[in-house]
Amino acid sequence: MALKTSPPVFRFAPSPNGLLHLGHAYSALLNFDTAKALGGRFLLRIEDTDLTRARPEFEQAIFDDLQWLGIKWEEPVRRQSDHFADYQSAMGKLEAEGIVYRSYLTRSDIKRIVEAYEAKGCLWPRDPDGAPHFPGRQHEEQNAHDGDSYTVRLDIDAALRKVGRNLFWQEASDNHFSKVTNVMAEPAKWSDIILVRRDAPASYNLAVVIDDAIQGVTHIVRGKDIYEATSVQRLLQELLGLPQPAYYHHSLICDDNGRKLSKSRDDTSLASLRAGGATPDDIRALVGLTGG
């Protein structure tokens, strides 16, 4: 008798800090359509660890936009703000391993250190997003003061010594995962990443791997802008003993200047398009999808 296998689990996980645009519609529809095609489950998650920017009206707008597009999801919806204890538990495990540390350096401190170094004619290393690598914990003692706020960072070298450097993730060639290849993860490109921010109990990278594991997410379909971050997420999965999903990083929806659409630039929202008379089929056509 054939063994019964569990259905694949997909998710769409927006942040309620602005209105959804065509880029979000593409990712949500791609996840929903693929889950349906593969006989899988589709989950919606609200990523609201940034309580200073999250707004209930934006969360409601997410529900309204997705329902209008014809997307259905399982209940209940997981909100990160309801599960801070999960992230604190994970941090406790990493702290027990001695691979995290408090960082008191501010952005201004880091900028000063980098500028002083580059003033000597040397280039400071940068991460895939172009931000300077963190200077390292050797700079912390002279900047720490009682009562100062701090972030918690992962000691990347210590973490890699623990798990080894032959770390991979599975990347699909299409959203149906018909062909999957191994991609070497290179978390050292990011240096000592932040795990706990001054204004939030978990960074995106920490929260997302914990949420995906708790929700049983098996297939992650998301934009290519997150491709490089998969390296540090795979490292965290290994450190915390979490399962490894399969990934597909889809192309991005860009504006006429070739820039990725962004909430911060107030790119045209789905709500505006809907108010202007657009239909869900129009949205599918605009992002290059058909059917549903």
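First residue of the sequence shown? That's 726 in the working numbering, and the numbers climb one at a time after it. The C-beta atom is built at its ideal place from N, Cα and C for all residues, glycine as well.
query, result
"Secondary structure at N742, three-state DSSP: helix, strand or coil?", "coil"
"Pull the bridge partners of Y973 from the DSSP assignment, please.", "V946"
"Determine the direct distance from the alpha carbon of T955 to that of D882, and round the result to whole angstroms.", "17 Å"
"Compare the beta carbon distance of N742 and R780 with 8 Å and say whether it is the shorter of the two.", "yes"
"In terms of residue numbering, what span does the beta strand (DSSP E) encompassing Y842 cover?", "Here Y842 belongs to no beta strand (DSSP E); instead the alpha helix (DSSP H) covers 832-843."
"What is the DSSP secondary structure of P926, reduced to helix, strand or coil?", "coil"
"Note down, in chain order, each residue of its chain lying with its Cβ closer than 6 Å to the Cβ of E800, except the 5 sequence neighbours on either side.", "none"
"Out of G948, L965, G764, L879, point me to the one whose CA is closest to P732's CA.", "G764"
"Residue range of the beta strand (DSSP E) that I771 falls in?", "766-771"
"Buried or exposed for S994, going by 16 or more other Cβ atoms inside 10 Å?", "buried"
"Going by the beta-carbon positions, is the gap between F893 and Y973 smaller than 8 Å?", "no"
"With a threshold of 7 Å on Cβ separation, who are the neighbours of N907 within its own chain once the five nearest residues in sequence on each side are excluded?", "F893, Q895"
"Would you identify the three-state DSSP class for L879, choosing helix, strand or coil?", "strand"
"Give me the Cα-Cα distance between T876 and L776, rounded to the nearest whole angstrom.", "16 Å"
"What three-state label does DSSP hand F788 in the structure shown?", "helix"
"For H808, which option in I787, F757, D773 has the closest C-alpha, if you only look at C-alpha atoms?", "D773"
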